[in-house]
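Residue numbers (our numbering): 780 to 1186.
Reviewing the structure listed below.
Have a look at this one:
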């Protein structure tokens, strides 16, 4: 296992065994080890394969619409008290950063000869992006989704079906993202010879955390180059929401070596960390194993994973990607909870100051950034990852603000 200090200042981990310090690794059924080895080899080779990289970046440019804009939110900045730049991943094809990861993994699966893709989704953004990539690359697509999330994200369920995907509701447990991942893993065990499991976040067993980070790291690479072109210097801080952590690690990875840039992730505090109805995994969690990796997770005194809660389906997950756990433990990044109420206030503020409806996930990052802006002051520049657009959350937001009852 790698000494954590060996990786400080870098984002190139994990080590050869898939560990970020004491986090990560591979805790999976024996039936999946060969598939994970095969995937690790294919992914490692793809990083050195000029043809693969050219095709991946062509799809990002010509199909996904990247690089995404770095937008100066002037009216929001006036309210916040610091200069805020939004990395507009909500403008990507399918409306979220997720398209970056799914295009990379779907292309890799096609190169490996895997014609069937399975995925899990919480907010539906990953499911829609996966269904889109499968349609684009002519791959069969099956998406597992908690029953509760199919209710919260009915529009995205319809979008996935229109794109040709089969959506399977999961009725077990809390009927949310954790349970969808469990069912997807059961499917993978039974179909591993011809199926690729397209994991949607930077969590799970090695090589998924590093692979998802690398397919998403264009967020940070683009933002770093854009802010240098704009200002001639790096920002004071970069921020993002963190559930599993794919958009956050995609942004953070480019800035980890820049010690002068503060890195802050915002977790879903739900009703408040003191209430028990929360998904603030790093804030409240203890080290354990979930979905194949050692990381921080919410668990009871007997080590059983406990249910999480967030108004945001995409953040409603009791674990977190192992690289985030590592960055938190080594104090290169800090992680703070944001409550549902704070996130919805920020949702409304961004809508009314900039004319942008963010995903509720992204609203957590905006809410946390408002606190950070007060601390850093008017001379500070903060880049916020606006990870997705709010179309999918329109019903949830309208209900929250009581707008449906007024119509």
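C-beta: ideal position from N, C-alpha, C; glycine also.
Measure the CB-CB distance between residue i and residue j and report whether it falls below 8 Å.
| i | j | result |
| --- | --- | --- |
| residue 865 | residue 1165 | yes |
| residue 929 | residue 948 | yes |
| residue 821 | residue 890 | yes |
| residue 1155 | residue 1145 | no |
| residue 1116 | residue 1062 | yes |
| residue 848 | residue 867 | yes |
| residue 931 | residue 1132 | no |
| residue 903 | residue 1108 | no |
| residue 1081 | residue 1060 | no |
| residue 1099 | residue 1023 | yes |
| residue 1150 | residue 1042 | no |
I'd like the span of the beta strand (DSSP E) that includes residue i, first residue to last.
| i | result |
| --- | --- |
| residue 1123 | Run containing residue 1123: none in the beta strand (DSSP E); it sits in the alpha helix (DSSP H), 1119 to 1133. |
| residue 1018 | 1016 to 1021 |
| residue 976 | 974 to 976 |
| residue 924 | 919 to 925 |
| residue 1029 | Careful: residue 1029 lies outside any beta strand (DSSP E), inside the alpha helix (DSSP H) at 1025 to 1031. |
| residue 1047 | 1041 to 1049 |
| residue 1192 | Lying before the first or after the last residue shown, residue 1192 is absent from the chain, which here runs from 780 to 1186. |
| residue 948 | 945 to 949 |
For my contact list, residue i and residue j are in at a C-beta cut-off of 8 Å; report their separation, rounded to the angstrom.
| i | j | result |
| --- | --- | --- |
| residue 981 | residue 991 | 4 Å |
| residue 861 | residue 1161 | 6 Å |
| residue 926 | residue 950 | 5 Å |
| residue 1029 | residue 996 | 5 Å |
| residue 955 | residue 922 | 14 Å between Cβ atoms; not a contact. |
| residue 1021 | residue 1114 | 6 Å |
| residue 986 | residue 804 | At roughly 11 Å, the Cβ-Cβ gap does not stay under 8 Å, so residue 986 and residue 804 are not in contact. |
| residue 874 | residue 1168 | 4 Å |
| residue 1064 | residue 1077 | 5 Å |
| residue 876 | residue 1091 | Rounded, the Cβ-Cβ distance is 15 Å, inconsistent with contact. |
| residue 999 | residue 969 | Not quite, the Cβ-Cβ distance comes to about 37 Å (not below 8 Å), so this is no contact. |
| residue 944 | residue 989 | Actually they do not touch by this definition, with Cβ atoms about 26 Å apart. |
| residue 1058 | residue 1095 | 6 Å |
Taking 6 Å as the limit between beta carbons, can you name the residues of its chain near residue i, skipping five residues before and five after?
| i | result |
| --- | --- |
| residue 1056 | 1049, 1050, 1088 |
| residue 1159 | 861, 1015 |
| residue 802 | 1073, 1074, 1101, 1104, 1105 |
| residue 1152 | 859, 860, 861 |
| residue 1027 | 1019, 1021, 1044 |
| residue 878 | 843, 871, 872, 908 |
| residue 1068 | 806 |
| residue 1181 | none |
| residue 1187 | Summary: the structure shown does not reach residue 1187, with the chain confined to residues 780 through 1186, and so no result is reported for it. |
| residue 938 | 907 |
| residue 1086 | 953 |
| residue 1178 | none |
| residue 960 | 899, 1070 |
| residue 1183 | 1177 |
| residue 852 | 863, 865, 1133 |
| residue 1142 | 1122, 1125, 1126 |
| residue 1243 | For residue 1243 there is no data in the structure shown, the boundaries of the chain being 780 and 1186. |
| residue 831 | 825 |
| residue 1135 | 1129 |
Among the residues of its own chain, which have a CB less than 8 Å from the CB of residue i, if the five just before and after it don't count?
| i | result |
| --- | --- |
| residue 789 | Residue placement at residue 789 is flagged as unreliable, the pLDDT there being 44, under the threshold of 50; a coordinate-derived value is accordingly withheld. |
| residue 1040 | 1013, 1014, 1015, 1016, 1017, 1034 |
| residue 845 | 839, 871, 879, 997, 1001 |
| residue 749 | One cannot answer for residue 749 here, as it falls past the ends of the chain, which runs 780 to 1186. |
Which residues mark the beginning and the end of the alpha helix (DSSP H) in which residue i is found?
| i | result |
| --- | --- |
| residue 858 | 853 to 859 |
| residue 969 | 956 to 970 |
| residue 1178 | 1173 to 1179 |
| residue 1154 | 1139 to 1155 |
| residue 1105 | 1101 to 1108 |
| residue 1005 | 997 to 1010 |
| residue 1035 | Careful: residue 1035 lies outside any alpha helix (DSSP H) and carries neither H nor E. |
| residue 1136 | Element bounds for residue 1136: n/a, residue is neither H nor E. |
| residue 934 | 933 to 941 |
Excluding the five sequence neighbours on either side, which residues of its own chain have a C-beta within less than 7 Å of the C-beta of residue i, listed in chain order?
| i | result |
| --- | --- |
| residue 885 | 896, 912, 913, 916, 918, 977 |
| residue 967 | 811, 897, 974, 976 |
| residue 856 | 862, 863 |
| residue 823 | none |
| residue 1172 | 1138, 1139 |
| residue 958 | 925, 949, 951, 952 |
| residue 940 | 946 |
| residue 983 | 1070, 1071, 1072 |
| residue 835 | 882, 883, 886 |
Any heavy atom of the ligand COA closer than 7 Å to the CB of residue i?
| i | result |
| --- | --- |
| residue 1123 | This structure lacks the ligand COA, and indeed carries no ligand of any kind. |
Start-end ranges of the beta strand (DSSP E) lying completely within the stretch 1052 to 1081, minimum 3 residues: 1065 to 1069, 1072 to 1076
Ordered list of beta strand (DSSP E) runs contained in the stretch 807 to 865, each at least 3 residues: Here the runs fully enclosed are 849 to 851.
Secondary structure, beta strand (DSSP E): runs of 3+ residues fully inside the stretch 871 to 908: 895 to 900
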